Amino acid sequence: MPLKLFHRLSLVFGCLCAAASAIAGAGSVVTAVYSSVSNGYERKKLPDGTFQREYYALANGRYLPGVNDNESIDKVKFPTIANLVAQHLAKQNYVLAENSKSAEILLMISWGTTIPYYDGGNAVAVDRVLNAMNASVAAARLEPTPGGQQETAANSTRAENTALREAAQNELDGQTIEIQMFNSMRRKANERNARILGYVDEINRLDNALRLAGAATSFDDLVSDIEEERYFIIVAAYDFKTAVNEGKRKQLWATRISVRAQGNNFDERLGAMLARASGYFGRNSKGLLRQYQEGTVNIGELKVVGTEPAPANTPDKAPEAK
């Protein structure tokens with residue numbers, strides 16, 4: 021399903037200027053990176069082995085807040101992230117275009133916090149199902165009293181037991197439907213977060229016989245990731261002329277970076293997240309990469325030179341991970 025992360029765009033041309041310095045962090049966290057290329061995109065290399073220069077326009081994607089207020093990410097604005105992205109792009113010989121005529125790539129940046137499925141209701145539903153199952157088992161064991169002289173009493177007891185068994189089964193059926201509903205909600209939330217974070221392919225790869233062959237821990241780690249709040253950044257590249265002239269989204273590449281939100285501050289991890297992932301801008305990571313990182317970043321004063329409204333046909337939806 022497409023993830024609607026973008027409003028009407030403004031394109032940034034010219035230059036981005038700021039100072040950023042990394043400092044050591046108190047601990048390490050797992051950074052997840054997933055990068056993919058599409059539509060035949062491949063960077064050309066010069067005789068000296070460096071990449072050929074490519075010019076891009078920068079577009080402000082939509083910030084997606086989580087369910088809770090979080091100053092560490094709420095206060096981080098697009099220019100701050102754009103500056104850091106631009107610095108890393110420059111190392112890969114991507115250059116901010118001076119105007120729309122020279123732009124070859126439209127880069128969209130989105131960021132935010134994932135919204136995990138809240139399982140409080142599910143936990144209650146599980147308890148109810150277990151209680152209903154126990155009641156159904158107990159009711160199934162009820163036996164009518166023997167016949168003979170007590171036939172009238174036996175018939176009455178038999179009818180009562182039958183009613184108890186039916187009531188227990190109806191309760192179990194109802195609770196089973198409820199837990200199926202919660203499981204469906206959980207699955208949809210997990211699928212949405214997996215697409216945002218770039219976890220889909222790896223989860224599908226491990227969700228098979230590999231789990232029985234020792235990969236269960238890796239699979240459970242991935243599910244744990246998508247079922248918790250995670251900070252994410254998505255840098256997606258489109259063909260500029262196709263976007264402007266035809267209003268179509270011809271995605272060239274997309275890089276997705278994330279870390280868990282609990283115990284971390286986005287403003288402190290931002291620089292290290294991008295540093296870890298920037299080597300994959302315009303490249304295929306060949307799967308999901310989960311690596312440890314350390315460090316925080318201080319951001320200096322930022323200046324943006326040159327903006328102009330995007331053409332009316334510019335695509336306004338975020339890329340969906342394949």
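Heads up: take any position in the sequence shown, counting from 1, add 20, and you land on my numbering. Don't be surprised by glycine CBs; every beta carbon is placed ideally from N, CA and C. The structure presented is a predicted model; accordingly, all values stated were derived computationally and were not measured.
Less than 8 Å divides the Cβ of E249 from the Cβ of T134. In the structure shown, Y137 adopts coil according to DSSP, grouped into three states.
In the three-state DSSP reduction, L226 falls in the helix class (H, G or I). Remark: C-beta atoms of F260 and I125 approach each other more closely than 8 Å. The three-state reading of DSSP puts G291 in helix, counting H, G and I together.
In the structure shown, G299 adopts helical secondary structure according to DSSP, grouped into three states. In the three-state scheme derived from DSSP, where H, G and I count as helix and E and B as strand, N113 is classed as coil.
Beta-bridge annotation (DSSP): R215 is not paired with any residue. Within the same chain, and ignoring the five residues on either side of R63 in sequence, the residues whose Cβ sits closer than 6 Å to its Cβ are F71 and G302. No residue range can be given for S122, since it is assigned to no beta strand (DSSP E) and is classified by DSSP as neither H nor E. Counting the other Cβ atoms within 10 Å of the Cβ of R73 gives fewer than 16, which makes it exposed. The beta carbon of E247 sits closer than 7 Å to those of P136, Y137 and N210, all from its chain and outside the five residues before and after it, given in chain order.
For S92, the enclosing alpha helix (DSSP H) covers residues E91 to D94.
Collapsing the DSSP output to three states places N80 in a strand. Taken through DSSP and simplified to helix, strand or coil, S244 comes out as helix. In the three-state reduction of the DSSP assignment, A256 falls in the strand class. A distance of 8 Å or more separates the beta carbons of L217 and F239. Boundaries for V87: no beta strand (DSSP E) harbours it, and the DSSP string shows neither H nor E there.
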